[in-house]
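Structure record follows, encoded as structure tokens.
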Amino acid sequence: MTTNSPIKPETSFGTRLRNLLIVLVAIALSVALFLGLRSETASVSLDELNQTSTPLDVAVSNGKPSIVEFYANWCTVCQKMAPDIAELEKEYSQNVNFVMLNVDNTKWLPEMLKYRVDGIPHFVFLNQKGEALAQAIGDQPHTVMASNLQALMTGSALPYAQASGQVSKFSAPVTSTSIQDDPRSHGSQVVN
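For any residue, its number in the working numbering is found by taking its place in the sequence shown, counting from 1, and adding 21.
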């Protein structure tokens with residue numbers, strides 16, 4: 022013999038209130054997570070810094086000292102420093118050019134070779150005439166960069182010249198200037 026007990030529908034006020042509270046908490050957590058992630062990614066990117074940077078040819082000819090940063094979008098140290106560089110640019114851009122040169126662009130190979138870029142970020146400090154005064158390689162504290170920029174503005178000796186920090190390794194592509202095409206070679210190369 023089986024006893025059939027009536028099944029109570031769960032429509033009580035307490036159950037509805039509990040479900041409503043769970044939904045509200047889930048919505049609040051979702052909104053907080055969304056806003057938290059947005060503020061995390063709202064940081065300055067290297068592409069944004071590149072777009073606001075002074076072109077190299079302008080920087081070496083406009084009579085202002087310059088800081089040139091060799092970087093790459095894949096460089097984690099460069100990405101880490103981007104917010105500091107953006108903040109320094111806001112503070113010093115009236116008196117100092119900020120130049121961004123992407124090492125993945127072979128256009129900058131002559132400059133990479135000239136300044137012996139073998140790790141990034143690689144910073145070169147140029148005087149008003151475009152002459153290199155000092156270099157800093159790798160992750161640099163905000164205070165070190167600010168001190169160097171302040172000295173660069175005033176024409177003083179840079180207090181942290183030749184500073185080195187954590188870098189991302191980089192090898193410049195090698196091109197040979199001694200190999201040239203001779204129109205009479207029919208595709209073979211002549212080495213001088």
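Glycine included, every Cβ here is placed at the ideal spot set by N, Cα and C.
Item to check | Residue nearest to D78 in terms of C-alpha spacing, selected from G151, Y181, L130, S168 | outcome: In the sequence shown, counting from the first residue as 1, residue 78 sits at position 57. It is G151 whose Cα lies nearest to the Cα of D78.
Checklist entry - Helix, strand or coil for T62 per DSSP? => result In the sequence shown, residue 62 corresponds to position 41, counting from 1. Since pLDDT at T62 reaches only 44, below the 50 mark, its modelled position is unreliable, and the value read off the structure follows with that caveat. If DSSP states are grouped into helix, strand and coil, T62 belongs with the helices.
Checklist entry - Is L70 near the ligand MG, judged by its Cβ being under 7 Å from some heavy atom? => result Because no ligand of any kind appears in the structure shown, any question about the ligand MG cannot be addressed here.
Next on the checklist: With a threshold of 7 Å on Cβ separation, who are the neighbours of L170 within its own chain once the five nearest residues in sequence on each side are excluded?
Outcome noted: Along the sequence shown, one-based indexing puts residue 170 at 149. The beta carbon of L170 lies closer than 7 Å to those of I88, L109, Y113, V117 in the same chain, with the five residues before and after it left out.
Checklist entry - When the Cα atoms are used, what is the spatial distance from V98 to A47? => result Residue mapping note: residue 98 aligns to position 77 of the sequence shown, counting from 1. Residue mapping note: residue 47 aligns to position 26 of the sequence shown, counting from 1. Rounded to the nearest angstrom, the two C-alpha atoms are 36 Å apart.
Checklist entry - Between N148 and the rest of its own chain, which residues show a CB-CB distance below 6 Å, the 5 nearest in sequence each way excluded? => result Looking up residue 148 in the sequence shown gives position 127. Taking N148 as the centre and dropping the five residues before and after it, the same chain places the C-beta of P86, L154 closer than 6 Å to its C-beta, in chain order.
Checklist entry - What number of angstroms, rounded off, separates the C-alpha of G84 from the C-alpha of A53? => result Here residue 84 is taken as the residue at index 63 of the sequence shown, counted from 1. Here residue 53 is taken as the residue at index 32 of the sequence shown, counted from 1. Distance between the alpha carbons of G84 and A53: 48 Å.
Item to check | Any beta strand (DSSP E) of 3 or more consecutive residues that is wholly inside the region 95-172 | outcome: Counting whole runs of 3 or more residues, the region 95-172 contains the beta strand (DSSP E) stretches 118-123, 143-147, 153-158.
Checklist entry - In three-state terms, what does DSSP make of S51? => result By 1-based counting over the sequence shown, the position of residue 51 is 30. Three-state DSSP puts S51 in a helix.
Checklist entry - Is the beta carbon of V120 less than 8 Å from the beta carbon of S168? => result On the sequence shown, position 99 is the one that residue 120 refers to. On the sequence shown, position 147 is the one that residue 168 refers to. Against a cut-off of 8 Å, the Cβ pair of S168 and V120 comes out as no contact.
Checklist entry - Which same chain residues, not among the five before or five after V81, have their C-beta less than 6 Å away from its C-beta? => result To locate residue 81, count along the sequence shown from 1; it is residue 60. Exclusion of the five residues before and after V81 leaves G151 as the residues of its chain whose Cβ lies within less than 6 Å of its Cβ.
Checklist entry - In whole angstroms, what is the alpha-carbon distance linking I141 and A49? => result If you number the sequence shown from 1, residue 141 lands on position 120. If you number the sequence shown from 1, residue 49 lands on position 28. Roughly 42 Å separates the two Cα atoms.
Checklist entry - Skipping 5 residues on each side, what residues in its chain have a beta carbon closer than 6 Å to that of H143? => result Taking the first residue of the sequence shown as 1, we reach residue 143 at position 122. Within the same chain, H143 has close Cβ partners F91, I158.
Checklist entry - For S87, which residues does DSSP report across the bridge? => result Start at 1 with the first residue of the sequence shown, and residue 87 comes out as number 66. When beta bridges are read from the DSSP output, S87 appears opposite N118, L147.
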